[in-house]
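J.: Here our numbering is used: the first residue of the sequence shown is -7, the next is one more, and so on.
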Amino acid sequence: MVNFQTEVNGEPRRQGPVSGFASQAANVLGDVLELAELQAKLAKADAVRASGAATRPLGLLVLGACAAIASLPVLTLGLATMTAELSPLHAWQAQLLVGTAVALIACATVYFSIRRLRLAVLQFRQSADELAKNVAWAKSVVRSSGRGSNLPNRDAP
């Protein structure tokens, strides 16, 4: 009867607390879905940027490893033979010296390539920071929705 009188008098029907909560929950869910979509786009952009930055170091890593493996026997023996003939060193001493030098060069190449790869992986820091901000914002929205306060701005510090 109360609802009928409200409708006849032209006053808007009052909504109960459950419908208000449902509306807020729908708004929060929509915002969370939008944030998830934006986060996925940001992760994709970071992946493209990181893969571009990782191409050269990966190429150098593969090149260094292949060169070290393929050329060690031939170059080491050739350089060791030349060193033994041009110096007072015995053949085994020359082989040891040249083998050590080639191994150090190969290790240095691999080391610097790995350092560059680590820098390329750090490209994902931006999406990780944005994800942390988005999660903090979503938590604050959920916490404040029960108090009836204004929703916080996601971009506020």
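By construction, the Cβ of each residue, glycine as well, lies at the ideal position given by its N, Cα and C atoms.
What's the gap between the Cα of A14 and the Cα of V127?
T.: 21 Å
J.: Cβ of L71 within 8 Å of Cβ of V90?
T.: yes
J.: For L81, which of helix, strand or coil comes out of DSSP?
T.: coil
J.: Can you tell me which of the three DSSP states S141 falls into?
T.: With a pLDDT of only 47 at S141, under 50, the local geometry of the prediction cannot be trusted, and no value is derived from it.
J.: Per DSSP, what kind of secondary structure is L109 in: helix, strand or coil?
T.: helix
J.: Among the candidates G51, L88, A46, P49, whose CA atom is the shortest distance from the CA of P65?
T.: L88
J.: Looking at A42: is its Cβ nearer than 8 Å to the Cβ of F116?
T.: yes
J.: Here's the rule: buried if 16 or more other CB atoms are within 10 angstroms of the residue's CB, otherwise exposed. What is S79?
T.: exposed
J.: Just to confirm, is the Cβ distance from L67 to V94 under 8 Å?
T.: yes
J.: How many angstroms separate the CA atom of A86 from the CA atom of A46?
T.: 38 Å
J.: Could you check if S119 is buried or exposed, using at least 16 other CB atoms within 10 Å of its CB as the buried criterion?
T.: So S119 counts as buried.
J.: Taking the alpha carbon of V40 as the reference point, which residue from M74, V113, G22, N19 has its own alpha carbon closest?
T.: V113
J.: Just to confirm, is the Cβ distance from A32 to V102 under 8 Å?
T.: no
J.: Take L34 and list the residues in its own chain whose beta-carbon comes closer than 6 Å to its own, dropping the five residues that flank it on each side.
T.: S119, E122
J.: Expressed to the nearest angstrom, what Euclidean distance is found between the alpha-carbon atoms of Q16 and G44?
T.: Distance from the CA of Q16 to the CA of G44, rounded to the nearest whole angstrom, comes to 42 Å.
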